[in-house]
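Residue numbers for the sequence shown follow my numbering, beginning at 6 and rising by one.
Here's the structure, in structure tokens; my notes come after.
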Amino acid sequence: MLTNDYYDLIVIGGGTAGTLCAIAAARSGLKTAVIERNSWLGGMACGSGLTEMNAAGFQSRPLYHGLEEEIFNQLIESGHGEYHFAVPMSSNKEVKVDRLRYDPEILKVILEEKAVSAGVDIFYDSELTEAEEREDCCRITVRNLYATWNMEASYLADASGNANLIRTLGGDTIKTPEEKQLTSTLMFRISGVDIQKLNEFLNSGQLPSVIREGLSREVLKGKILALTPIPGSRDVSVNATRAQGDYEDSRSCSRSVIQARSQILPILEFIKEQIPGAEEATLSSIAPFFGVRDGRRIHGAYKLTLDDLENMTRFEDSVACGCYPMDIHDPVTNTVIWKVLPGVYHIPYRSLLPVGFHRTLVIGKCLAADKEAFAAIRVMPIMMNVGESAGYLFRLAKERKCCMDELNAEEIREYLDTRYLNN
Ligand SMILES: Cc1cc2nc3c(=O)[nH]c(=O)nc-3n(C[C@H](O)[C@H](O)[C@H](O)COP(=O)(O)OP(=O)(O)OC[C@H]3O[C@@H](n4cnc5c(N)ncnc54)[C@H](O)[C@@H]3O)c2cc1C
């Protein structure tokens with residue numbers, strides 16, 4: 006099948022970064038399409054069992070704004086989101102972050118409604134297979150189970166979470182060696198929990214001793230048992246399984262999924278025995294998406310470093326900010342290594358610019374960063390922020406009839422400041 010649709014912008018990947026980019030671009034008047042492998046928007050945020058936007062604020066001051074604020078408010082006002090201040094991490098109770106808890110099924114609906122009403126053309130169950138950047142436009146090939154077709158656009162956004170577009174375009178990317186890749190997790194959801202009792206237990210500070218017990222019995226494979234009540238329900242999401250493998254190698258990745266899934270029923274029995282409020286809990290779902298924390302990153306015009314985050318470098322071309330600590334799920338020690346950062350840090354536009362390309366931006370967690378910075382900035386509120394800014398900047402480039410690498414810091418700042426506050 007040949008469909009030569011022409012768009013201003015095609016976004017590859019409809020995760021949090023990709024969806025916000027597409028909505029921002031479409032609302033700004035760009036003809037925009039999203040190519041998404043799954044049949045929902047929201048990527049990891051809606052399909053991997055996650056239910057918490059980490060570090061959405063710093064020391065009680067919300068960092069979210071623009072579309073992110075619109076979405077968070079909608080979740081909260083409908084009873085499907087709750088904002089919590091300074092919540093301790095289950096793997097280290099000294100590390101505390103503000104979090105927005107949400108129901109991922111409702112988030113799916115909200116993202117889709119916003120994208121559709123903005124006029125975004127969504128191509129679900131569709132996958133990028135070929136891509137080419139030409140001097141004046143870009144061309145991609147997409148397929149679903151039944152057909153293959155071509156599409157053209159002025160600009161492309163790689164929001165695949167794994168630099169899939171850049172690799173398809175023939176660009177170089179960085180992959181963490183297998184033995185150093187962050188541990189992956191298959192999350193699951195339990196129902197029928199007495200949330201009040203569970204919250205009392207979580208606030209009592211007794212969780213670390215339960216985790217020690219789980220480790221000593223070898224039910225838990227790592228020092229993490231995060232139990233997150235899902236607003237508006239009696240369900241709780243559980244982040245506890247651990248599996249190591251090469252996520253790009255089908256055999257190895259499948260082994261990891263099988264390994265992680267085999268941990269779920271023993272962990273559920275352990276939770277029922279040990280966690281007040283969960284005595285009658287049942288398994289309601291296992292995430293359809295394997296939670297791969299690691300991912301390829303690009304070579305960008307600027308590589309964001311942990312030093313930048315520690316020094317809170319104020320880039321002239323800042324497109325997003327965040328405050329989540331460095332959080333390395335270490336495959337060797339099977340612990341989580343934390344480094345709390347001193348304040349609000351920034352992400353420069355140049356980290357979104359892939360070396361060797363002109364009409365493409367890389368948004369989402371595969372932007373140019375070192376391994377340590379990546380371990381901090383990869384959380385969803387930051388990715389949403391990056392995506393939204395990128396959406397506006399595609400519009401700026403279209404107005405200026407220029408390539409993405411021709412925008413300068415001053416005009417980026419000015420343009421973003423007039424659209425939404427970039428703290
Ligand atoms: C186990 C785990 C726990 C985490 N916990 C938290 C947490 O508690 N709080 C938090 O804020 N963050 C958490 N994170 C981090 C966060 O979920 C991700 O880093 C973030 O969602 C990345 O967003 P993204 O938009 O870049 O990518 P994704 O959400 O991964 O979206 C990428 C999208 O691109 C699509 N795609 C990829 N390739 C193609 C292709 N070729 N064609 C078409 N579509 C394609 C995918 O299907 C996907 O929908 C966690 C991550 C993991 C794995």
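Built from N, CA and C at the ideal position, the CB exists for glycine as well.
Small disclaimer: the values here were computed from a predicted structure and weren't measured.
Segment limits, alpha helix (DSSP H) that includes residue 317: Taken as a continuous stretch (DSSP letters only), residue 317 belongs to no alpha helix (DSSP H), as it is neither H nor E.
Can you grab the Cα-Cα spacing for the pair residue 82 / residue 137, in whole Å? 43 Å
Less than 7 Å between C-beta atoms, sequence neighbours within five positions excluded: which residues of the same chain meet that for residue 397? 29, 33, 420, 421 and 424
Can you give me the C-alpha to C-alpha distance between residue 133 and residue 149, rounded to a whole angstrom? 9 Å
Based on Cα-Cα distance, which residue from 204, 191 and 203 lies nearest to residue 226? 191
So is residue 211 buried or exposed if we call it buried at 16+ other beta carbons inside 10 Å? exposed
Element boundaries [alpha helix (DSSP H), containing residue 143]: Taken as a continuous stretch (DSSP letters only), residue 143 belongs to no alpha helix (DSSP H), being part of the beta strand (DSSP E) at 143-148.
Per DSSP, residue 359 is paired with what? 305
If distances are taken between C-alpha atoms only, which option among 314, 182, 220 and 247 comes closest to residue 254? 182
Boundaries of the alpha helix (DSSP H) in which residue 113 is found, first to last residue: 109-123
Where residue 10 sits in the DSSP three-state scheme: strand
For residue 88, which three-state DSSP category applies? strand
Can you tell which of 94, 25, 51 and 50 has its C-alpha closest to the C-alpha of residue 343? 94
Counting beta carbon pairs with one atom in the segment 282-297 and one in the segment 326-343, are three or more of them shorter than 8 Å? no
Would DSSP call residue 185 helix, strand or coil? helix
Residue 364, DSSP secondary structure in three states: coil
Measure the alpha-carbon distance for residue 319 versus residue 215 and round it to whole angstroms. 42 Å
Just the Cα atoms here: how many angstroms apart are residue 414 and residue 321? 6 Å
Inspect the CB distances between the segment 297-316 and the segment 223-240 and report whether three or more fall short of 8 Å. no
Under 8 Å, with one C-beta from each stretch per pair, do the segment 72-82 and the segment 161-171 reach the 3-pair mark? no
Taking Cβ positions, are residue 350 and residue 324 nearer each other than 9 Å? no
Hey, could you find the ends of the beta strand (DSSP E) residue 163 is sitting in? 153-163
Terminal residues of the beta strand (DSSP E) in which residue 195 lies: 193-196
Cα-Cα separation between residue 401 and residue 158, rounded to whole angstroms: 15 Å
Euclidean distance between Cα positions of residue 175 and residue 26: 23 Å
To the nearest angstrom, how far is the alpha carbon of residue 195 from that of residue 267? 16 Å
Look at the Cβ atom of residue 57, then the Cβ atom of residue 127, and state whether they are nearer than 9 Å. no
Flag this pair as yes or no: are the beta carbons of residue 303 and residue 179 separated by less than 9 Å? yes
Hey, how far is the Cα of residue 271 from the Cα of residue 241? 17 Å
In this structure, does DSSP put residue 428 in helix, strand or coil? For residue 428, the predicted structure reports a pLDDT of 41, less than 50, and the residue's modelled location is therefore unreliable. The matter cannot be settled from this model.
For residue 279, count the other beta carbons within 10 Å of its own beta carbon; 16 or more makes it buried, fewer makes it exposed. Which is it? buried
Please determine, among 311, 276 and 12, the residue with the shortest C-alpha to C-alpha distance to residue 143. 12
What do you reckon, is the C-beta of residue 194 under 8 Å from a heavy atom of ligand 1? no
Measure the CB-CB distance between residue 261 and residue 249 and report whether it falls below 9 Å. yes
Cβ-heavy atom distance between residue 226 and ligand 1 below 8 Å? no
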